[in-house]
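Novice: Encoded as structure tokens, here's the structure I'll be asking about.
This is the structure:
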């Protein structure tokens, strides 16, 4: 059976800062592998547990600014020592004042890839 994705997943390599919701002082760096408006897949040096809530500052390259996402971890698997863990999370909240910025970035990526 094929995947039933409602949104196009876009391959990227954007910079992330990841914080566990219950440990806001702890900040780790990561890199997005792909994203859409409903979720983000990323690499991380640590394993996150399924169901864990994370705050991610998603840095949009053209903006030199970040958008804060709240995600719940759906899966996390070890890749290798160089890459660490590959994780997937469902977006459950987007920083209210920057929702348009995140959506515009997503649609710009679609336009650049499919409508040149």
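In the working numbering, the protein residues as written are 109 to 224. Ideal Cβ positions, reconstructed from N, Cα and C, are used throughout, including at glycine.
Rounded to whole angstroms, what's the CA-CA distance from residue 151 to residue 180? Just pull it up for me.
Specialist: Walking along the chain shown from the start, residue 151 turns up at place 43. Walking along the chain shown from the start, residue 180 turns up at place 72. Distance between the alpha carbons of residue 151 and residue 180 is about 15 angstroms.
Novice: Would you kindly work out how many angstroms separate the C-alpha atoms of residue 218 and residue 208, rounded to a whole number?
Specialist: Here the question's residue 218 lines up with position 110 in the chain shown. Here the question's residue 208 lines up with position 100 in the chain shown. In a straight line, the C-alpha of residue 218 is about 15 angstroms away from that of residue 208.
Novice: Considering only C-alpha positions, which residue in the set 190, 133, 221 and 223 is nearest to residue 164?
Specialist: Within the chain shown, the letter at position 56 stands for residue 164. Comparing Cα-Cα distances from residue 164 to each of 190, 133, 221 and 223, the minimum goes to 133.
Novice: For residue 204, which three-state DSSP category applies?
Specialist: Stepping through the chain shown from its first residue, residue 204 is reached at position 96. Residue state, collapsed to three classes: helix.
Novice: Return the residue from the list 118, 216 and 115 that minimises the CA-CA distance to residue 64.
Specialist: Residue 64 lies beyond the residue range present for the chain, which begins at 109 and ends at 224; the question has no answer from this structure.
Novice: With DSSP run on the structure shown, which of helix, strand or coil describes residue 223?
Specialist: The residue labelled residue 223 in the question sits at position 115 within the chain shown. Residue 223: coil per DSSP, three-state reduction.
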